[in-house]
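Report on one structure; see the data block that follows.
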Amino acid sequence: MSHKVTWSRFFPILEWGSTYSGAAALNDLTAAVIVTIMLIPQSLAYAMLAGLPPEAGLYASIVPILLYSLFGTSRSLAVGPVAVVSLMTAATLAEVTQAIDVGYATAALSLAGMSGAILLTMGLLRLGFVANFLSHPVISGFITASGILIAVSQLKHVLGVEAHGHTLPDIAGAIFAHVTQTNLLTLAIGAGAIVFLFWVRTGLRPTLIRLGLRPGAADFIAKAGPVLAVVTTTLCVWGFDLDHAGVQIVGAVPQSLPPFTLPDVSFELLAALFVPAALISIIGFVESISVAQTLATKKRQRIDPDQELIGLGAANLGASLTGGFPVTGGFSRSVVNFDAGAQTPAAGAYTAIGLAVAALFLTPLIFFLPKATLAATIIVAVLSLVDIKTLRHSWTYSKRDFGAVAVTVLLTLGLGVELGVTAGVLLSLLLFLYDTSRPHVAEVGLVRGTEHFRNILRHEVVTDPTVLSLRIDQSLYFANARFLENYIYDRIIDDNDLKHVILMCSAVNEIDLSALETLELINIRLKELGIVLSLSEVKGPVMDRLRRGSFLDHLTGHVYLSQFAAFRSVTSQPDTVSALAAQDCANVFCR
0 MSHKVTWSRF FPILEWGSTY SGAAALNDLT AAVIVTIMLI PQSLAYAMLA GLPPEAGLYA
60 SIVPILLYSL FGTSRSLAVG PVAVVSLMTA ATLAEVTQAI DVGYATAALS LAGMSGAILL
120 TMGLLRLGFV ANFLSHPVIS GFITASGILI AVSQLKHVLG VEAHGHTLPD IAGAIFAHVT
180 QTNLLTLAIG AGAIVFLFWV RTGLRPTLIR LGLRPGAADF IAKAGPVLAV VTTTLCVWGF
240 DLDHAGVQIV GAVPQSLPPF TLPDVSFELL AALFVPAALI SIIGFVESIS VAQTLATKKR
300 QRIDPDQELI GLGAANLGAS LTGGFPVTGG FSRSVVNFDA GAQTPAAGAY TAIGLAVAAL
360 FLTPLIFFLP KATLAATIIV AVLSLVDIKT LRHSWTYSKR DFGAVAVTVL LTLGLGVELG
420 VTAGVLLSLL LFLYDTSRPH VAEVGLVRGT EHFRNILRHE VVTDPTVLSL RIDQSLYFAN
480 ARFLENYIYD RIIDDNDLKH VILMCSAVNE IDLSALETLE LINIRLKELG IVLSLSEVKG
540 PVMDRLRRGS FLDHLTGHVY LSQFAAFRSV TSQPDTVSAL AAQDCANVFC R
């Protein structure tokens with residue numbers, strides 16, 4: 000491998016940067032302007048969701064984006080604060096800061112730093128496959144429950160009341176207890192902003208086009224909808240002194256670039272943050288890689304999951320050193336970035352510059368920005384995450400997956416995000432182990448007019464009373480080897496005519512040591528009963544491993560290339576079998 004290839008693997012910027020053109024730069028700049036306008040209110044809102052000052056959202060959207068541009072492989076992914084990770088951050092920090100004497104913002108830096116270190120380590124060790132252990136139903140259930148939690152948690156800002164908690168019963172109970180203290184002006188601003196933002200998503204663009212605006216300009220204005228809500232409500236609060244009437248506002252936000260910050264690296268704090276940081280890292284990575292791969296497929300580009308871990312790890316480390324909190328690739332901003340024509344990660348760098356300008360010069364303009372508007376921005380954004388369709392689909396398709404989704408949703412809502420996602424993952428793994436510990440084993444027979452063998456319960460097939468043909472539809476390993484052993488013994492116990500057992504291994508991709516020992520035991524037991532054990536259709540890699548031991552030397556039968564060859568070889572009427580295979584199968588269900 001050349002040095003150029005090696006370096007470009009760790010620094011993808013060397014690959015796309017070498018062919019960067021003026022046309023690509025123009026497209027990237029256009030996308031950056033649109034995404035920057037979208038990110039300003041989003042960043043402020045997600046900082047509030049995480050329980051941090053508004054400027055933390057801007058800080059978490061500048062250096063992390065730059066670092067991802069250097070190390071990430073997606074050309075459209077936009078990195079920064081996202082709703083689910085912000086919620087997990089708030090839940091984690093609330094618990095940790097109660098148990099340990101540490102500042103909330105400092106703990107956020109440490110959480111981002113630890114998340115970055117975990118992601119970076121996983122990337123260097125090429126552990127991107129770990130994300131595969133999170134099933135899509137569990138992730139969907141977790142994100143759905145998180146979306147509901149986030150939306151409900153923001154109602155306090157829309158109503159202008161105090162309410163705390165990190166589970167649905169706690170939040171809903173607190174809001175209900177204070178609902179009589181609702182500030183009607185705040186409610187009017189928040190509810191108005193929610194209605195407006197929902198309309199912006201679906202109705203603004205068609206309206207502008209009907210008024211004669213070109214589609215490109217209509218798209219731009221529609222994507223700037225949250226900014227219009229911010230500007231309008233801020234002017235209303237400022238012009239009518241609504242802050243003196245009880246409308247909560249953002250207040251003073253420092254005019255500065257992201258400061259250099261150092262996270263607390265005390266052992267006690269890092270130990271308390273490790274499990275939440277690992278969950279945040281994996282959930283964030285799964286969300287990010289899903290978006291990145293979806294967008295890359297549309298342009299026939301390639302995403303390297305392990306390098307994505309490095310890119311996201313660097314982004315989170317950058318957030319920890321510049322006053323931020325955990326970040327990942329966001330769905331909505333990435334889609335906007337893609338639709339706006341972003342060609343390379345340079346679009347993210349331009350976005351970072353735009354946000355830096357906003358942090359330096361525009362923060363005084365949001366002094367009178369009502370928190371109800373930011374809450375409305377969050378509510379409208381996260382309700383799109385609620386996916387009831389997955390629950391309905393999983394119910395009809397797989398009760399096992401529905402159980403995992405339902406448990407994840409209920410526990411996330413009832414006990415909090417950390418316990419919810421942990422329980423969902425554990426339940427998925429347990430259900431997987433249960434299913435694989437009971438592999439599907441079919442007794443098969445010859446389909447007339449073919450050399451194919453199919454389940455005797457599903458097809459009209461030819462069998463021989465002296466031969467038992469079993470098709471194993473799964474790899475054999477320690478958890479299911481005993482099941483196969485018991486299945487064979489139960490089948491042969493009262494069958495005195497049986498002389499041969501053939502295991503059809505076409506679906507077996509691996510046989511581990513425990514399963515091999517079980518096969519050896521089955522071979523011995525069958526031999527004692529006068530029954531010959533044979534194998535058929537064993538895959539090459541599996542045969543390679545079987546040849547390393549002594550099992551094949553002691554096998555009472557043979558290993559056949561095909562099930563048909565095995566059946567014809569051991570049956571008492573081989574000529575009849577050949578004749579049946581040669582018959583016309585026009586009226587036979589062969590497959």
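Just so we're aligned, residue 0 is where the sequence shown starts under numbering that gives the first Met the number 0, counting upward by one. Idealized CB from N, CA, C, for every residue including glycine. Just so you know, these numbers come straight off a predicted model, no measurement behind them.
Collapsed DSSP secondary structure at residue i in the structure displayed
i, result
"S213", "Ser is not the amino acid found at residue 213; the sequence shown has Arg there. R213 falls in the coil class under three-state DSSP."
"V404", "helix"
"N454", "strand"
"A506", "coil"
"V194", "helix"
"P369", "strand"
"N586", "Confidence is the limiting factor: at N586 the pLDDT is only 42, short of 50, which leaves the residue's position unreliable, though a coordinate-based value still follows. Coil."
"Y559", "strand"
"S1", "The pLDDT assigned to S1 is 46, lower than 50, so where the model puts this residue is not dependable, and the model offers no usable value."
"I281", "helix"
"I302", "coil"
"G164", "coil"
"T296", "helix"
"I521", "helix"
"G328", "strand"
"I501", "strand"
"V78", "strand"
"I61", "coil"
"F566", "helix"
"S289", "helix"
Cβ-Cβ distance between residue i and residue j below 7 angstroms
i, j, result
"V531", "H553", "no"
"L13", "A348", "no"
"I39", "A357", "yes"
"S474", "M503", "no"
"L57", "P262", "no"
"E527", "F550", "no"
"V83", "S145", "yes"
"M37", "K222", "yes"
"L432", "A291", "no"
"T185", "V236", "no"
"R332", "V151", "no"
"A355", "A30", "no"
"S533", "G556", "yes"
"L467", "L497", "yes"
"G419", "T407", "yes"
"R608", "V461", "Here the chain has residues from 0 to 590 only, and residue 608 is not among them."
Rounded Cβ spacing between residue i and residue j (contact assumed at less than 8 angstroms)
i, j, result
"I501", "Q562", "7 angstroms"
"L368", "T231", "Wrong, their Cβ atoms sit about 11 angstroms apart, outside the cutoff."
"G71", "E307", "6 angstroms"
"A173", "H165", "No, A173 and H165 are not in contact; Cβ-Cβ is about 11 angstroms, not under 8 angstroms."
"T260", "G322", "5 angstroms"
"P63", "A277", "In fact, because the Cβ distance is near 19 angstroms, the residues do not count as touching under 8 angstroms."
"V137", "S427", "5 angstroms"
"L118", "L268", "No, L118 and L268 are not in contact; Cβ-Cβ is about 19 angstroms, not under 8 angstroms."
"L477", "P438", "Note that residue 477 is Phe in the sequence shown here, rather than Leu. Their Cβ separation, rounded to whole angstroms, is 13 angstroms, which puts F477 and P438 out of contact at 8 angstroms."
"L48", "I149", "7 angstroms"
"A375", "G189", "5 angstroms"
"L256", "G115", "In fact, because the Cβ distance is near 20 angstroms, the residues do not count as touching under 8 angstroms."
"L384", "I142", "5 angstroms"
"P253", "T362", "7 angstroms"
"T372", "V229", "6 angstroms"
N-terminal and C-terminal residue of the beta strand (DSSP E) that residue i is part of
i, result
"E94", "Run containing E94: none in the beta strand (DSSP E); it sits in the alpha helix (DSSP H), A82 to A98."
"S535", "V531 to S535"
"L445", "V440 to V446"
Boundaries of the alpha helix (DSSP H) in which residue i is found, first to last residue
i, result
"T232", "G224 to G238"
"G140", "H135 to S152"
"Q180", "Element bounds for Q180: n/a, residue is neither H nor E."
"H553", "F550 to H553"
"S427", "V416 to T435"
"H392", "I387 to Y396"
"V541", "G539 to L545"
"V32", "G21 to L48"
"I117", "Y103 to L123"
Contact with chain C by residue i, beta-carbon distance below 7 angstroms
i, result
"A228", "Among the chains of the structure shown, chain C does not appear; only one protein chain is present."
- Message: Give the list of continuous beta strand (DSSP E) stretches no shorter than 3 residues that lie fully inside the stretch 458-489.
- Response: Listed in chain order, the complete beta strand (DSSP E) runs (minimum 3 residues) inside the stretch 458-489 are 466-471.
- Runs of alpha helix (DSSP H) wholly within the stretch 334-367 (minimum 4 residues, chain order): Fully enclosed alpha helix (DSSP H) runs of 4 or longer: 345-356.
- Tell me the start and end of each unbroken beta strand (DSSP E) in the stretch 245-283 that is at least 3 residues and wholly inside, in chain order. Annotation note: the stretch 245-283 contains no uninterrupted beta strand (DSSP E) run of length 3 or greater.
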